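Straight run, no breaks: the sequence shown in our numbering ends on number 463. Backbone N, C-alpha and C fix where the C-beta goes; we use that ideal spot for every residue, glycine too. All of these numbers come straight from a predicted model, not from anything done at the bench.
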Amino acid sequence: MSIKVLIYSKDYDLVKESGVGKAIDHQISALKKVGCDFTLDENDDYDLVHINTVFPKSVSFAKKAHKKGKKVIYHGHSTMEDFRNSFIFSNQLAPLFKKWLIHAYKQGDLILTPSEYSKNILEGYKLGKKIEVVSNGIDLDFWKKKACDRKIFYEKYKLDDKKKSIISVGLPIKRKGIDDFIKLAQSLPQYEFVWFGKLDRALMSLNIKRLIDEAPSNLKFPGYVNSEDLRLAYSGSDLYLFPTHEETEGIVLLEALATRADIIIRDIEIFEKDYEDGVNIYKAKNLDDFREKIIGLCEGKLKSLSDLAYAKAEDKSIINTGKRLVEIYERVINNEIYS
125 MSIKVLIYSK DYDLVKESGV GKAIDHQISA LKKVGCDFTL DENDDYDLVH INTVFPKSVS
185 FAKKAHKKGK KVIYHGHSTM EDFRNSFIFS NQLAPLFKKW LIHAYKQGDL ILTPSEYSKN
245 ILEGYKLGKK IEVVSNGIDL DFWKKKACDR KIFYEKYKLD DKKKSIISVG LPIKRKGIDD
305 FIKLAQSLPQ YEFVWFGKLD RALMSLNIKR LIDEAPSNLK FPGYVNSEDL RLAYSGSDLY
365 LFPTHEETEG IVLLEALATR ADIIIRDIEI FEKDYEDGVN IYKAKNLDDF REKIIGLCEG
425 KLKSLSDLAY AKAEDKSIIN TGKRLVEIYE RVINNEIYS
């Protein structure tokens, strides 16, 4: 069956440095890998539109597509739960944001979301629509480690090559755990720390601004970097830390897994099923846990689990995501969905 899909990208520039932007990139890559016909031009002819953003223009386009008789898939990347503790006033706005999300997602003939965890949250919103899980996927070929990565990484960011290095990736917001990352850098001056990701200071909470301004000299903030520089960082550093408090999947974790990095994640609900502490990854509940396991991995007291963790990335390869998307597109076109 021949299908042409519109990946709606009118709002892409607003999200390109976020997880939603990466998700759009991954969908494009996935469809290319499996040979599915798609367009980014809303003026092209298409059978179905796949929308990832929840801005007013996105919701309006979904309504227009319905009027033209087109099928709409809405991708539920955002929840009220992961909106909290993000930007200034986000906690106060969270209930209103939930109402808007419900309005947006109801425009879909089918709703997709990246994990069973986020599916359970969205089912609690009583959307009245079928919700299916599709991982954002990861391109295993792109994220491979290279022999020269460590040397280039240390030189690029002027790190002390006598010290072990710990990195994290994400918007510098409380939900992502940047406050704990800064505190860990302060308490572990024997290591280099690097946080990749940026946010307009006007959107930051006062506490996060203060912590960043007072960050120790062993912590660097290169800002937003491209995918190749991120690959270099995962591969060239000694440890990837993911201190996030809430995710719908965590694309950056998939990236780290694919480079066979040593990883410590926060012990939160979304990671309960797929990741077991000390078996295929290391988990931490609090600052003391993080500190203890950082030292354990950096000083060789804890064994590396990187090869075992890599198997999780293999399960979520970009090709598997592409095949799953095409199968879903065909069912939606054929009206084979049930709420």
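Out of Gly145, Glu451, Lys128, state which residue places its alpha-carbon closest to the alpha-carbon of Val173.
Lys128
Is Thr177 closer than 9 Å to Tyr241 when the C-beta atoms are compared?
no
Sorted by chain position, which residues of the same chain lie with C-beta nearer than 7 Å to Ile394's C-beta, five sequence neighbours on each side aside?
Ser239, Tyr241, Glu371
Might you give, ordered along the chain, the residues of its own chain that have their beta carbon closer than 6 Å to the beta carbon of Gln314, omitting 5 neighbours on each side?
none
Applying the criterion that 16 or more other CB atoms from any shown protein chain within 10 Å of the CB defines a buried residue, is Leu130 buried or exposed?
buried
Pairwise C-alpha distance: Asn410 and Ile418
12 Å
Sequence-distant residues of its chain with Cβ nearer than 7 Å to Ile332 (five each side left out)
Pro296, Ile297, Lys298, Ile302, Asp303
According to DSSP, is Glu166 helix, strand or coil?
coil
With a cut-off of 8 Å on the beta carbons, I'd call Leu225 and Met204 a contact; round off their distance for me.
7 Å
Below 8 Å on the Cβ atoms is my contact criterion, and I expect Phe366 with Ser292 to pass it. Report the Cβ-Cβ distance as a whole number of Å.
7 Å
With a CB to CB cut of under 7 Å and the five nearest residues on each side skipped, what residues in its chain are close to Lys187?
Gln231
Straight-line Cα distance separating Lys425 from Asp362
14 Å
Ser292 - containing beta strand (DSSP E), residue span
289 to 293
When DSSP labels each residue in this structure, what does Lys181 get in the three-state scheme?
helix
Just confirm the distance between the C-beta atoms of Asn116 and His150, as a whole number of angstroms; I'd bet it's less than 8 Å.
Outside the shown range of the chain (125 to 463) lies residue 116, about which nothing can therefore be said.
Just to confirm the assignment, what range does the alpha helix (DSSP H) spanning Lys243 have?
240 to 247
What's the C-alpha gap between Lys397 and Lys436?
12 Å
Have a look at Gly252 and Tyr229 and give me their C-alpha separation to the nearest angstrom.
10 Å
Taking DSSP's pairing of strands, which residues face His174 in a bridge?
Ile131, Ile197
Endpoints, alpha helix (DSSP H) assigned at Arg448
442 to 457
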